[in-house]
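Respectively, the protein sequence lines represent chains S and P.
Okay, so the first sequence: first residue is 1 according to our numbering, each after it adds one.
Okay, so the second sequence: first residue is 271 according to our numbering, each after it adds one.
Cβ atoms here follow ideal geometry from the backbone N, Cα and C, with glycine treated the same way.
Remember, it's a predicted structure, so these values are computed and weren't measured experimentally.
The structure under discussion appears below in the form of structure tokens.
Protein chains: 2
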Amino acid sequence: MTTQQLTTQIHSKKSFLCIGLDVDLTKIPQHLLVSEDPIFEFNKAIIDATHDLCVSYKPNTAFYEAYGIKGWQSLQKTINYINSNYPEIFTIADAKRGDIGNTSSMYAKAFFEDLNFDSVTVAPYMGKDSVEPFLAFENKHTIMLALTSNEGAFDFQTKNIDGQELYKVVLETSKSWKNAENLMYVVGATKAEYFTEIRKIVPNSFLLVPGVGAQGGSLADVCKYGMSDNVGLLINSSRGIIYASNGTDFAEKARTEALKLQQEMAEILG
Amino acid sequence: MTTQQLTTQIHSKKSFLCIGLDVDLTKIPQHLLVSEDPIFEFNKAIIDATHDLCVSYKPNTAFYEAYGIKGWQSLQKTINYINSNYPEIFTIADAKRGDIGNTSSMYAKAFFEDLNFDSVTVAPYMGKDSVEPFLAFENKHTIMLALTSNEGAFDFQTKNIDGQELYKVVLETSKSWKNAENLMYVVGATKAEYFTEIRKIVPNSFLLVPGVGAQGGSLADVCKYGMSDNVGLLINSSRGIIYASNGTDFAEKARTEALKLQQEMAEILG
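See the structure below:
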């Protein structure tokens with residue numbers, strides 16, 4: 001998928017919502033546990049109930065790997081279900097990968113070719129040659145961690161390097177990498193005022209923004225400081241939507257929560 | 271496994287060799303491709319031929335994920351084979367994971383519980399709360415990236431923060447984390463002179479050292495500057511051993527290469 005197609009979808013659905021599929025068997029409705037693949041059944045119901053309100057789904061690979069081969073099967077069925085039924089959706093493998101070149105190539109193959117995701121999240125610590133193998137894939141996107149929404153973000157990401165914080169050095173440096181136009185960035189919503197500075201460095205890049213909702217960030221503030229001419233934002237919500245209810249009405253309640261965010265977004269885009 | 275057990279194994283085998291199982295179907299002997307699970311058959315032969323010469327095996331998860339569910343099955347069979355047949359071996363899931371707290375807990379569950387590895391590699395960029403969930407597992411070890419062996423290491427890891435390079439800040443900061451005694455660190459062999467500085471910060475921690483062999487580092491130099499009282503080194507070699515031959519003699523040739531390194535190590539251990 002191209003970023004132009006993503007922007008078109010955003011305008012057509014009046015939404016830049018990404019729904020995080022962080023599916024934990026201890027949190028999903030108990031009546032699903034009798035099915036052969038509860039994680040997939042849960043995802044399928046959530047996706048069917050919300051696909052017109054969001055532009056992206058983001059399965060978090062940890063939640064699938066924790067269940068071993070069965071989990072990996074649930075992940076594969078989930079991405080296949082989205083690609084077959086809702087091909088307009090921008091899919092994100094939230095995997096936070098990154099390794100030396102030949103290894104990163106294998107991760108890129110895993111997520112872009114074997115699973116056929118549109119994008120994957122990566123960590124920047126190992127630098128240019130750990131990210132460029134992902135960037136080599138045409139019409140695939142590499143979403144690199146810049147400033148995350150957790151407390152630990154302040155351990156290293158905001159430390160000062162010659163007058164500039166590390167996350168800004170990461171943003172600035174990555175712009176010179178080969179096929180940098182395939183980069184997007186993770187920027188946490190809990191620090192909305194940072195978006196002004198970030199937009200000075202990457203004015204048009206898409207930013208994947210976790211931390212609205214469960215982690216306390218404000219949608220209006222993020223949009224005020226972070227929106228670009230092509231929208232340039234994907235706002236993620238996971239737990240606030242998918243665990244809105246743990247009864248038999250979970251999909252309906254997830255839709256209600258997604259609708260609230262979509263309506264706020266429609267107003268902002270309006 | 272405790273670090274004491276690891277050190278005991280090192281002295282008993284006169285080896286601190288770790289063999290990286292980065293298995294690429296395009297590089298293994300062609301005659302294996304007819305078997306049902308060529309990756310596992312390859313690993314099994316390598317392991318049977320080298321287990322007395324090394325103290326650790328390190329499957330790189332990317333090379334398994336690239337083959338989807340079949341790859342994950344090969345990984346599971348490999349770790350089960352090692353744990354069942356050679357329980358003294360220290361196993362490393364080279365996964366370079368790291369995410370917000372509840373996600374890191376799921377990764378820890380995946381590698382420590384579901385797959386039953388002794389250790390997993392993690393990336394430090396997201397800070398304390400992204401690593402501590404791994405550290406909470408007793409007698410399991412978390413091997414955090416400090417200074418890697420690739421070119422991109424110089425993009426961020428060696429950048430100066432208030433007079434100290436980022437990788438040193440990472441080492442120093444991590445010492446105050448909860449259960450920090452379960453930390454080990456990745457330090458690339460291509461910069462042996464750095465080990466003196468690193469040992470001032472983490473005098474006794476185990477260091478996993480890639481970059482000897484294919485990436486050009488010198489074993490003697492690493493040991494000269496990096497060895498601690500409890501040895502404290504795991505020297506990894508992947509391609510130099512496992513791809514020593516791509517004929518039917520691949521396991522035998524792998525043993526020859528592993529033996530060369532083990533003999534050098536025996537001499538150093540005196």
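- Legend: CB atoms of the stretch 414 to 433 of chain P lying less than 8 Å from CB atoms of chain S belong to residues 415, 418, 419, 420, 421, 422, 423, 424, 425, 426, 427, 429, 430, 431, 432.
- Taking a contact as a CB-CB distance under 8 Å, the pair residue 325 (chain P) and residue 274 (chain P) does not count as one, their CB atoms being some 13 Å apart.
- Taking CB atoms only, residue 202 (chain S) has no neighbour in chain P less than 8 Å away.
- The DSSP-derived three-state label of residue 330 (chain P) is strand.
- By the Cβ neighbour-count rule, residue 448 (chain P) is exposed, with fewer than 16 other Cβ atoms within 10 Å of its own.
- For the stretch 300 to 320 of chain P, the set of positions with a beta-carbon nearer than 8 Å to some beta-carbon of chain S is empty.
- Residue pairing by DSSP places residue 360 (chain P) opposite P:326 in a beta bridge.
- Looking at the backbone, the Cα of residue 194 (chain S) and that of residue 174 (chain S) are separated by about 18 Å.
- Restricted to the stretch 476 to 503 of chain P, the alpha helix (DSSP H) segments that are unbroken, complete and at least 4 residues in length are 489 to 496, listed in chain order.
- Between the stretch 117 to 137 of chain S and the stretch 75 to 95 of chain S, the count of Cβ pairs shorter than 8 Å is three or higher; the stretches touch.
- Closer than 8 Å to the CB of residue 487 (chain P) there is not a single CB belonging to chain S.
- At a cut-off of 8 Å between beta-carbon atoms, residue 330 (chain P) makes contact with chain S.
- Residues of chain S whose Cβ lies closer than 8 Å to the Cβ of residue 505 (chain P) do not exist, since the nearest Cβ in that chain is about 16 Å away.
- The secondary-structure analysis by DSSP pairs residue 141 (chain S) across a beta bridge with S:119.
- Under the Cβ criterion of 8 Å, residue 394 (chain P) is counted among the residues facing chain S.
- By the neighbour-count criterion, in which 16 or more other beta carbons inside 10 Å mark a residue as buried, residue 303 (chain P) falls on the exposed side.
- Taking a C-beta distance under 8 Å as the contact criterion, residue 221 (chain S) and residue 204 (chain S) do not qualify as a contact pair.
- Only residues of its own chain outside the window of five on either side were considered, and among them 168, 171, 172, 175 have a CB closer than 8 Å to the CB of residue 201 (chain S), listed in chain order.
- Residue 480 (chain P) and residue 458 (chain P) do touch by the CB rule: their CB atoms are close to 6 Å apart, below 8 Å.
- With respect to the 8 Å criterion, residue 373 (chain P) and residue 62 (chain S) are classified as neighbours on the basis of their beta carbons.
- A distance below 8 Å separates the beta carbons of residue 142 (chain S) and residue 134 (chain S).
- Each of P:370, P:335, P:348, P:529 was checked against the Cα of residue 398 (chain P), and the nearest Cα belongs to P:370.
- Using a C-beta cut-off of 8 Å, the stretch 509 to 523 of chain P makes no contact with the stretch 249 to 262 of chain S, since fewer than three inter-stretch Cβ pairs fall below that distance.
- Close to residue 382 (chain P), with beta-carbon spacing below 9 Å, lies no residue of chain S; the smallest spacing is near 10 Å.
- Rounded to the nearest angstrom, the Cβ distance from residue 130 (chain S) to residue 420 (chain P) is 7 Å, consistent with a contact under 8 Å.
- Distance from residue 426 (chain P) to residue 436 (chain P) at the Cβ level is roughly 6 Å; contact confirmed, criterion being Cβ atoms closer than 8 Å.
- In the three-state reduction of the DSSP assignment, residue 261 (chain S) falls in the helix class.
- In the three-state reduction of the DSSP assignment, residue 161 (chain S) falls in the strand class.
- About 29 Å separates the Cβ atoms of residue 431 (chain P) and residue 493 (chain P), ruling out a contact at the 8 Å cut-off.
- Close partners of residue 529 (chain P) in chain S (Cβ separation under 9 Å) are lacking, with about 25 Å as the shortest Cβ gap.
- By a beta-carbon distance limit of 8 Å, residue 29 (chain S) contacts residue 246 (chain S). Their separation comes to about 5 Å.
- Identification of residues in the stretch 165 to 181 of chain S having a C-beta nearer than 8 Å to some C-beta of chain P yields 166, 169, 170, 173, given in sequence order.
- In the three-state reduction of the DSSP assignment, residue 186 (chain S) falls in the strand class.
- In the structure shown, residue 79 (chain S) falls within a helical segment according to DSSP collapsed to helix, strand and coil.
- At a cut-off of 8 Å, the C-beta of residue 107 (chain S) has a neighbouring C-beta in chain P.
- Taking 8 Å as the threshold, the shortest C-beta distance from residue 359 (chain P) to chain S does not fall below it.
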